[in-house]
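I have placed the structure first, in the form of structure tokens, so that the comments after it can refer back to it.
There are 2 protein chains.
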Amino acid sequence: MGITIRDVAKKLNLSITTVSRALDGYSDVAQETRLRVIETAQQMGYTPNRAARQLRRQRSDTIGYILPANAPRFSDPFYSEFISGLGDEAAENSYDLLIATAQSGQEAEQNAYQRWVHSRKVDGFVVNRIWQSDWRVRFLDSQHVPFVTLERSSDPADCPSVQVESKKSVIALVNHIREKGYRRCAYIGGPAHLVIHADRFEGFVQGLASNQIPLDPALVVNADLTSAGGYAAAKRLLWLPDPPDAFVCINDETAFGVLHAAREAGRIVGADLAVAGFDGVQESKYSQPTLTTLDQPLYDIARQLVRMLLAVIDEQPISERHVIVQPVLQIRESTEKR
Amino acid sequence: MGITIRDVAKKLNLSITTVSRALDGYSDVAQETRLRVIETAQQMGYTPNRAARQLRRQRSDTIGYILPANAPRFSDPFYSEFISGLGDEAAENSYDLLIATAQSGQEAEQNAYQRWVHSRKVDGFVVNRIWQSDWRVRFLDSQHVPFVTLERSSDPADCPSVQVESKKSVIALVNHIREKGYRRCAYIGGPAHLVIHADRFEGFVQGLASNQIPLDPALVVNADLTSAGGYAAAKRLLWLPDPPDAFVCINDETAFGVLHAAREAGRIVGADLAVAGFDGVQESKYSQPTLTTLDQPLYDIARQLVRMLLAVIDEQPISERHVIVQPVLQIRESTEKR
DNA sequence: TTGTAGGCGTTATCAA
DNA sequence: TTGATAACGCCTACAA
């Protein structure tokens, strides 16, 4: 069990050197030899031992992604799409994808990064859910480990990134809500240190301003990006003496929770109450009512991130270091007005 | 960059052997030496190089999971919970989790398994979405690679497994639907070769039988486990001359699609139409109406699978080779009757 | 209790 | 165009 390069060499009466080079496509090996080697290797079912290759070449052909969970047990459709993008692009380039989950900002997360960096388990990282000031960014930068981020932190490190242009998009969303005739708009965000929170909230504020709607601090709540969080927040807001008639949410999960709370409160979403999310997860098309959202092409974003990361790892030039993606406003029933 | 065991040894004026043994907790090293070694190693930020260790020990301390996607670009909340369970249990045992996505039954999937097996990239596999006759099970078994499955195939291979007891659960669900007064029940399943499809469908058939409801083949449809699939299937069924008044779906995603179709057809789910899913994803609590479903503790199941797998890898005895998990019937609004 | 030395399977350098 | 041979960093018989 476990065919090595030696076995192949022996069978062919060649040296392991020749076999190795034939397989790796070096030019200094006779065409005929190469063909024989390739064929024999294949039929013997030979695959280079990763550990040995890795040890010798000082690289692992693996990229790492440490999923920032927000609870010990969590579930968010965002990630299945994101991960499949990472995995597919990695696979197409003969890279593997190593995954861990760790609660954002906890010690376990630091340990995971440190272990993978020090043990050289991965050649680079994809990082998302960036904080405005982000330990991970500073750490990876200080260790000179290749990495790319979704969203940019304000730390000085200069790594390639994909940014989703949230601000303008949210402004457009607020305009849309205002045009529909809603006037008292709440914002349910996430943890304040998150870049997506800050960006989207800023868009929200500017959107209100340009529509001459005053910003009522009582209508701004930080939740935790989950349906349960959105539900709890909306529940409270809807019981205010002067409740909002519209909700802009940091993501779709939060919005689903709001839909539920609204219903329990006897409000008709898409008639006397508007709700909008952000992400464009599949479920937003099938919720009741269907959810107005800012759709971001997560699968493609993930692939783009991996492409950039591989370029950094291979020290190749990157044409665009900071790709900006514009989400698409999907207007659905939840922001109708009757 | 990259501190090796040599660096630590040099700094301490010890041999690398002693350092290695001190860190690995061998007994034949002086207590005092051990403490010095551990402290120095830590402060130097030493972590053993994974590739070297792996090469020497012939194991990777990594488990593999190849996610069976059903479309090139997919999204299913099932997986975020499942993956976080795998990742957490693996991490707690100092194992890493390697992930790839490949379309179920495609060549890419075979390649992925073969590569990881031959290159010894992982010590074992977790496999799910099992087929009644499953290539992966036979392959891994033939290669003597440790693996565990969620659901059992009918192949002779005897690997540990976790099984979700679907049949009885679905029968209970059908009983519930019948008690509510629904009488014309449709089943929207998945690909016919899947064990979960067969199990759940069998439960459905038996449930009908014990309630003296005839099985109408026109009301049995195979979809693809997605919302879009459920939507399309329901759309068709609701236009039949004699449409069903209840839908049992193979999973929650499918059910969400059905909810949407029902609404477009002007039917009131939870009043004149019943819909039920299977999985108990978070979203089922927040959909409109909330979804009756068979809740399976996916996170715990994933952890259990990893525990079993690690036992197989370490050649330790397993108390229960085939754990059976009973899903919990969560009765919610979607099967009410008015 | 500590150190020496060989080898895990590759790739890369150099010589033939 | 091919073949010896020396690393890569770690673990572990065996010797001291």
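Quick mapping for you: the protein sequence lines, in order, are chains V and C.
The opening position of the first sequence corresponds to residue 1 in the numbering used here, with each subsequent residue numbered one higher.
The opening position of the second sequence corresponds to residue 339 in the numbering used here, with each subsequent residue numbered one higher.
No residue lacks a Cβ here, since even glycine has one placed at the ideal position from N, Cα and C.
Annotation: the continuous beta strand (DSSP E) that includes residue 246 of chain V extends over 246 to 249.
Chain-ordered listing is empty here: chain C has no CB closer than 9 Å to the CB of residue 266 of chain V, the nearest sitting near 13 Å. Residue 317 of chain V and residue 305 of chain V have their C-alpha atoms roughly 15 Å apart. For residue 555 of chain C, the secondary structure class from DSSP, reduced to helix, strand or coil, is helix.
Residue 15 of chain V has its alpha-carbon roughly 44 Å from the corresponding atom of residue 82 of chain V.
Taking 8 Å as the upper bound for CB-CB distance, residue 651 of chain C and residue 462 of chain C are in contact here, some 5 Å apart. Rounded to the nearest angstrom, the gap between the Cα atoms of residue 357 of chain C and residue 113 of chain V is 24 Å. Bounds of the beta strand (DSSP E) holding residue 405 of chain C are 400 to 407. Under the 10 Å beta carbon count, residue 144 of chain V is surrounded by fewer than 16 other beta carbons and is classified as exposed.
In the three-state DSSP reduction, residue 469 of chain C falls in the strand class (E or B). Taking a cut-off of 8 Å on C-beta distances, the segment 600 to 616 of chain C does not touch the segment 427 to 434 of chain C, as fewer than three cross pairs fall below it.
Per DSSP, residue 667 of chain C lies in no alpha helix (DSSP H) segment; the continuous beta strand (DSSP E) that holds it begins and ends at 666 to 668.
Taking residue 394 of chain C as the centre and dropping the five residues before and after it, the same chain places no C-beta closer than 6 Å to its C-beta. Under the rule that a run must span 4 or more residues, the alpha helix (DSSP H) segments found entirely inside the segment 166 to 201 of chain V read 166 to 179.
Chain C places a beta carbon closer than 8 Å to that of residue 48 of chain V, counting this residue as a contact. Comparing C-alpha distances from residue 490 of chain C to each of C/475, C/479, C/484, C/379 shows the shortest one belongs to C/475. Restricting attention to C/508, C/377, C/443, the CA atom closest to the CA of residue 664 of chain C is found in C/508. Of all residues in the segment 261 to 290 of chain V, only 263, 281, 282, 283, 285, 286, 287, 288, 289, 290 place a beta-carbon less than 8 Å from a beta-carbon of chain C.
Going by DSSP, residue 617 of chain C is part of the beta strand (DSSP E) stretching over 612 to 617. Rounded to whole angstroms, the separation of the alpha carbons of residue 592 of chain C and residue 280 of chain V is 18 Å.
Put simply, the CB of residue 247 of chain V is far from chain C, with every gap to its CB atoms at 8 Å or more. Here residue 462 of chain C is bridged, per DSSP, to C/401. The continuous alpha helix (DSSP H) containing residue 421 of chain C extends over residues 415 to 430.
Separation of the CB atoms of residue 246 of chain V and residue 177 of chain V is rounded to 5 Å, and the pair is thereby assigned contact status at 8 Å. In the three-state DSSP reduction, residue 147 of chain V falls in the strand class (E or B). According to the DSSP assignment, residue 298 of chain V belongs to no beta strand (DSSP E) but to the alpha helix (DSSP H) extending over 298 to 313.
Between residue 457 of chain C and the set V/216, V/110, V/101, V/47, the nearest pair of CA atoms involves V/47.
Using a Cβ-Cβ cut-off of 7 Å, residue 118 of chain V is close to 383, 385 of chain C, given in chain order. The segment 156 to 176 of chain V makes no contact with the segment 221 to 236 of chain V, as fewer than three CB pairs between them are under 8 Å. Looking at C/465, C/506, C/442, C/660, the one whose alpha-carbon comes closest to that of residue 537 of chain C is C/506. Residue pairing for residue 222 of chain V: DSSP places it in a beta bridge opposite V/189.
Just measuring C-alpha positions, the residue of V/308, V/53, V/49, V/209 sitting nearest residue 322 of chain V is V/308.
At a cut-off of 8 Å, the C-beta of residue 419 of chain C has a neighbouring C-beta in chain V.
Our two residues, residue 559 of chain C and residue 529 of chain C, have alpha carbons roughly 10 Å apart in a direct line. Per DSSP, the beta-bridge partners of residue 434 of chain C are C/400. Taking 8 Å as the upper bound for CB-CB distance, residue 441 of chain C and residue 407 of chain C are in contact here, some 5 Å apart.
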